[in-house]
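Structure record follows, encoded as structure tokens.
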Amino acid sequence: MKRAIKFTRRNIRRTPFQAIAASMVMLLTFLALQAFIILAAGSQTALRYFESKPQVIAFFKEGTTNQDVTAIENALKQEIRVTNIKFVSKEDALQIYREKNKNDPTLLELVTASILPASLEVSTKDPQDLAPIADILKREPVISEVIVPEDVVATLTSITRIIRYTGGATVGFLMVFATLVIIMIIGFKIRIKRTEIEIMRLLGASPGFVRTPFILEGMFYGVTGAVLAWIINYSLLWYFTPFLQGYLEDVKLLPVNLLFMLTLLGGSLVVACLVGAIGSFAAVRRYLKI
Amino acid sequence: MINFKSVSKKFGSNLALDNITLEIKQGEFVFIVGPCGAGKSTLLKILTRENLPTSGKIMVGNVDITKIKDSDVPKFRRKVGVVFQDFKLLDDRTVFEQVALTLEVQGKSDKEIQKAVEHTLKLVEIWDKRNLFPKQLSGGEAQRTAIARAIVGKPDIVLADEPTGDLDLKTAWGVIQLLNEINSWGTVILMATHNQEIVNTLKKRVVVLKQGKIVKDSKEGKYE
């Protein structure tokens, strides 16, 4: 194997432009693959967040008493579909508002607890239970408005589905393209090394000895592309984290979990080795008749 | 050592070797001579298992090389060194690397390779050229490199296909003397050539081929 690696290194070093071209194609493929995986995982996390968050928010009218609130809470506790009930008082609402707008003093000056309504956040086991719970709340005379973020979940579900399908199709296409590029480059190298291969065979090289450096070369291009793509994706995520965090608010997506990124790298390396090996193996089978 | 028994080789309808029977003993130096298309190169290619005969048997030692499995061919080839008229050196490797390649494919260690290559390059008198590339070598130096590559693995047989074909007479003599020296260690040399002067001066066994048949086989023979 040590010798095969030495031969591979020599093959790569002596045709640097082809090596760069092959690595670039693999880089693009893995850039797209990893970006789609990050997006899919991100949207899935966001979806889970919205599905698990108190889904129905009911705002109380001005003058609602504690007894009214307790009565509604008790009624909801009888519902097996309800998993959690949280009362947010006017003061709590002001606290949340202040926290969210701590960088904007003008907005803080204008708002007091009296103008913010108290609310009840009600979580359900299943998003499908949101509508019936919302109907119960709407019937209460002390409730002024009920917000059901079903639409957010529906939109996120559809976005996640689109990312999965378009991502899958794009990555599938790029994988095929990358494999064909590897076949083409390794095939070309086999052709230009015809004399060397012929001499090695006459000197008693086994078929494995001749083939292995070509297979390793294909894998090298895959691994190089995957590692570079991972570095670029991670750097971009790291760079844009402060900016994106402002939009994502409570959704705990950023900074991206290091374990997730390392798993992504590991998975990419496995796929890269496979694509490289399959491409170069196909080229060896097609062009290297030993 | 080498025994051809009724060996024939056909390429389509063309009979390249016609019922060849030939025995070569350990340590012999044999010239294979004859006009172009007589079957000299075919004979050598069959001995390296590049081609299989259409019929007949070829014993090398106790092994019938027409019967060995494809997976065992590399092992067999390590016992046979080959020298070509056009040297077949690799443009992107130095003299040292060309010779080391033989041992690399055999899986020898770097230390063994270093020692054996140094010894062989000194033997063929091109040690000082070890870091040069083929384009920087003269014809004689290139052929010496090719011979070093063929013998560094200590083969039992060296096949030389017109090794002096592209060389001037003086250089050619240097190459022949080198092959003669290798032969003196007990290595079988089978050399296909057109060069009458070399054949007639060296006075070794001469096998004359014509249209795929052996028409003459004589010890200390002449090529007319």
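Line by line, the protein sequences give chains G and Z.
Here the first sequence is numbered in my numbering, starting from 1 and rising by one per residue.
Here the second sequence is numbered in my numbering, starting from 1001 and rising by one per residue.
From the three backbone atoms N, C-alpha and C, an ideal C-beta is built for every residue, glycine too.
| query | result |
| --- | --- |
| Is G/Pro213 buried or exposed, if buried means 16 or more other CB atoms sit within 10 Å of its CB? | buried |
| In angstroms, rounded to a whole number, what distance separates the CA positions of Z/Glu1028 and G/Gly208? | 34 Å |
| Kindly indicate the opening and closing residues of the alpha helix (DSSP H) around G/Arg201. | 194-202 |
| Could you spell out where the beta strand (DSSP E) holding Z/Gly1056 opens and where it closes? | 1055-1060 |
| Taking any Cβ of chain Z, which residues in the segment 202-231 of chain G have a Cβ under 7 Å from it, in chain order? | Leu202, Leu203, Gly204, Ala205, Ser206, Phe209 |
| For G/Gly126, count neighbouring Cβ atoms within 10 angstroms of its own Cβ and tell me buried if that reaches 16, exposed if not. | Contrary to the premise, residue 126 of chain G reads as Asp rather than Gly in this sequence. When all chains shown are included, G/Asp126 counts as exposed. |
| Using CA atoms only, rank isn't needed, just tell me which of Z/Asn1014, Z/Lys1222, Z/Ile1176 is closest to Z/Asp1161. | Z/Ile1176 |
| At a cut of 8 Å, does the segment 1095-1112 of chain Z reach the segment 1024-1039 of chain Z through at least three beta carbon pairs? | no |
| Roughly how many angstroms lie between the CA atoms of G/Ser119 and G/Pro255, to the nearest whole one? | 31 Å |
| List, in chain order, every chain Z residue whose beta-carbon is nearer than 9 Å to that of G/Arg14. | Asp1092 |
| Which class does Z/Leu1209 belong to by DSSP, given the choice of helix, strand or coil? | strand |
| Please tell me whether Z/Met1001 and Z/Val1188 are closer than 9 Å, where the distance is taken between their beta carbons. | yes |
| Along the chain, where does the beta strand (DSSP E) that runs through G/Lys86 open and close? | 82-88 |
| Just the C-alpha distance for Z/Asn1195 and Z/Thr1164, rounded to the nearest angstrom, thanks. | 8 Å |
| Tell me which residues of the segment 1087-1112 of chain Z have at least one Cβ-Cβ distance to chain G shorter than 7 Å, keeping chain order. | Lys1088, Leu1090, Asp1092, Leu1101, Thr1102, Glu1104, Val1105, Gln1106 |
| Which residues, in chain order, does the segment 1048-1078 of chain Z contribute to contact with chain G at a C-beta distance below 9 Å? | Thr1048, Glu1050, Asp1070, Ser1071, Val1073, Pro1074, Lys1075, Phe1076, Arg1077, Arg1078 |
| Mind checking who G/Ala58 pairs with in its DSSP beta bridge? | G/Leu120, G/Val146 |
| Please decide whether G/Thr8 counts as near chain Z, where near means a Cβ-Cβ distance under 9 Å. | no |
| How many angstroms separate the CA atom of G/Ile115 from the CA atom of G/Leu76? | 26 Å |
| Who are the neighbours of Z/Val1030 on chain G, taking C-beta pairs under 9 Å? | Residues of chain G passing the Cβ test: none, with the nearest at roughly 20 Å. |
| Cβ closer than 7 Å: which chain G residues qualify as neighbours of Z/Val1082? | Leu202 |
| Taking Z/Lys1010 as the reference, give the member of Z/Tyr1223, Z/Glu1220, Z/Lys1213 with the closest Cα. | Z/Lys1213 |
| Under DSSP, the beta strand (DSSP E) around Z/Ile1020 begins and ends at which residues? | 1014-1024 |
| Going along the chain, which residues of its own chain have a beta-carbon closer than 7 Å to the beta-carbon of Z/Lys1219, five neighbours each way excluded? | Arg1205 |
| Just list the beta strand (DSSP E) runs in the segment 1047-1114 of chain Z, keeping only unbroken ones of 3 residues or longer that don't cross its boundaries, in chain order. | 1055-1060, 1080-1084 |
| I'd like to know whether the C-beta of Z/Gly1174 is nearer than 9 Å to at least one C-beta of chain G. | no |
| Check whether chain Z comes within 9 Å of G/Thr195, counting only Cβ atoms and requiring the distance to be less than that. | yes |
| Quick one: what's G/Asn257 bridged to in DSSP? | BP columns for G/Asn257 are empty, so no partner. |
| Starting from the beta carbon of G/Ile199, find every residue of chain Z whose beta carbon is closer than 8 Å, and list them in chain order. | Lys1088, Leu1090, Leu1101 |
| Spell out the partners DSSP gives Z/Phe1031 in its beta bridges. | Z/Met1191, Z/Val1206 |
| Are there any heavy atoms of the ligand FMN lying less than 8 Å away from the beta-carbon of G/Pro16, as far as the coordinates show? | In terms of ligand content, the structure shown is empty, and the ligand FMN therefore cannot be addressed. |
| Reducing DSSP to helix, strand and coil, say where Z/Val1158 ends up. | strand |
| Please list the partners that G/Arg191 has in chain Z, where partner means a Cβ-to-Cβ separation under 8 Å. | Chain Z residues near G/Arg191: none, gap ~15 Å exceeds 8 Å. |
| Have a look at Z/Lys1069 and Z/Phe1076 and give me their C-alpha separation to the nearest angstrom. | 10 Å |
| I'd like to know whether the C-beta atoms of G/Leu228 and G/Phe30 end up nearer to each other than 9 Å. | yes |
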